[in-house]
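Colleague:
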Amino acid sequence: MEFCPKCGAILILKTKNYGCPRCDYSTKDKVNLQTSEKQEEKESVGVVSSKETGTLPIVTEICEKCKNNKAYFWTVQTRASDESETKFFKCVKCENTWREYS
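Note that the numbering used here has the sequence shown beginning at 43, numbered continuously upward.
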């Protein structure tokens, strides 16, 4: 890329010559335009399967299905960001899942 010696803007092709879009500088010389792009490999994202729920905290919450009093607990922002998050529970015994809106 070539830059304007007066103001430093990138020279662009005008009607016949290359010139500056900011000031009145123009040149009849050929301008060398080269672009390149560098991409990096992204690392794969790990996925947690449903069998690995042992990493979730366990709280005292009564399951409506089996009446067990232990459940896994997590929160998700399901509504607008200015509203509170939704609490999800999953029974340790029967794996029944329910939510609680705050």
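Glycine included, each C-beta is placed from N, C-alpha and C at the ideal position.
1) Nearest-angstrom Cα distance between residue 95 and residue 82?
2) What are the start and end residues of the beta strand (DSSP E) that includes residue 128?
3) By the three-class DSSP mapping on this structure, what secondary structure does residue 77 have?
4) Below 9 Å between beta carbons: does that hold for residue 129 and residue 141?
Modeller: Per the coordinate set shown:
1) A caution first: residue 95 carries a pLDDT of 49, below 50, which makes its placement in the model too unreliable to give a value.
2) 128-133
3) coil
4) yes
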